[in-house]
Each structure stands twice: as C-alpha cells, then as structure tokens.
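So the structure is just underneath, and the comments pick up after that.
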C-alpha cells in the first residue's frame, strides 16, 4: 500500500532533489561545491578547476588541470557547417531559441552521438562546455551585424569568450571577473527558475 499524497503548499517541506555537487543554505549564506566553500573557490580556483571538481569530486593536480584545459581549448571551434548555421539564424531570434536550436544541431556533428558510455558522455560534456560560449559569442556578433570572431585556443574559457564576444583582448581583470562569475554559477543544485512559478 502506498501513502496518500500530501499537499505541501509552497513546497516548504519538500526535497526536490538531492545532489553531491553542491550544498546551499541561503539563510546562513553558505554555498559549497563538493565540500569546498564558494568564497575560497572564487578567490583561488579557475573555472576549469571547478569544472574538474564538479566532474570528479576533487580538485585537479597541475597535470590534470593542464590536460583538461588542453582538451577544452582543442574543442572551442565549431564545425564549418555550424558557423554557417549561426549566420542563417535570423538576427531577431531570441538568444535562448537560437541556443536551443544550435546546441541541438551540434549534436548532429558529434562523432559519439550514439555512444552513452561514461567516457563518451564525459567527452560530450567537455565538447559542449567548450563550444557553447563560441555559439553564444558568434550569435551575439551576428545579430549586431559584426563579423564573427574565431576562438583563440591559447587562452582559458573566460578570456576566449570575451575575445570572441568583443573582438578585442580583455584585460586580465575583466577576464578574471568573468572567470569568477562562471565559478559562482557553476552549480546550484537546481535552476532557480525551476520552482519560480
């Protein structure tokens, strides 16, 4: 026999999801990723280090971080047909509609689309993480009537995104500010809008 459903107005006593990635106690001002305080991570870690932490439940060694950075940088660029697809999107399209469509289209270029092993899924995640900023920056420039800027695989994800978005090298301070923003938004258990309605 199953228990009768309980109406819980406002979900105040409902656990919507459990995660080992992050811990949030808004009343106490606590946000942790895998047990690491967000303030310490924001001050001392790069976004790429936090990606490794969330994917592996530990911070990377220098060699592991270098390997992840190299893998990401090798995947910044889009297949040629995807650049054409960005150009084909109406400039008036909503950015989220464009992103949904082009991320889906990117799946058609995935050499491992039908491989659902853990290893293949990690590589897919890495490719998606590397290519999504490229899509966003390319569309932003397209909708403003500016030429799209190709990625620079010699810099980190935040610096590369700002380069592609603005067509100019960001200062170290600006690049670090975006990197910290990416760290702060890397994981929050659930999307804040999930229960907004």
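In the working numbering, the protein residues as written are 261 to 457.
Glycine included, C-beta positions come from ideal geometry on N, C-alpha and C.
What's the call for residue i, buried or exposed, on a 16-neighbour Cβ count within 10 Å?
| i | result |
| --- | --- |
| residue 356 | exposed |
| residue 391 | buried |
| residue 264 | exposed |
| residue 364 | exposed |
Closest by CA to residue i, which one among the options?
| i | options | result |
| --- | --- | --- |
| residue 432 | 424, 425, 418 | 418 |
| residue 335 | 347, 373, 385 | 385 |
| residue 320 | 337, 301, 333 | 301 |
Rounded to whole angstroms, what is the Cα-Cα separation between residue i and residue j?
| i | j | result |
| --- | --- | --- |
| residue 403 | residue 291 | 36 angstroms |
| residue 414 | residue 295 | 31 angstroms |
| residue 440 | residue 361 | 28 angstroms |
| residue 423 | residue 412 | 8 angstroms |
| residue 286 | residue 267 | 24 angstroms |
| residue 311 | residue 429 | 24 angstroms |
Helix or strand or just coil, what does DSSP make of residue i?
| i | result |
| --- | --- |
| residue 385 | helix |
| residue 439 | helix |
| residue 285 | strand |
| residue 329 | helix |
Please check the pair residue i and residue j, which I expect to be a contact at CB under 8 angstroms, by giving their CB distance rounded to whole angstroms.
| i | j | result |
| --- | --- | --- |
| residue 308 | residue 416 | 6 angstroms |
| residue 437 | residue 421 | Actually they do not touch by this definition, with Cβ atoms about 12 angstroms apart. |
| residue 395 | residue 346 | 7 angstroms |
Using a Cβ-Cβ distance cut-off of 8 angstroms, determine whether residue i contacts chain D.
| i | result |
| --- | --- |
| residue 302 | Although the question refers to chain D, the structure presented lacks it and comprises just one protein chain. |
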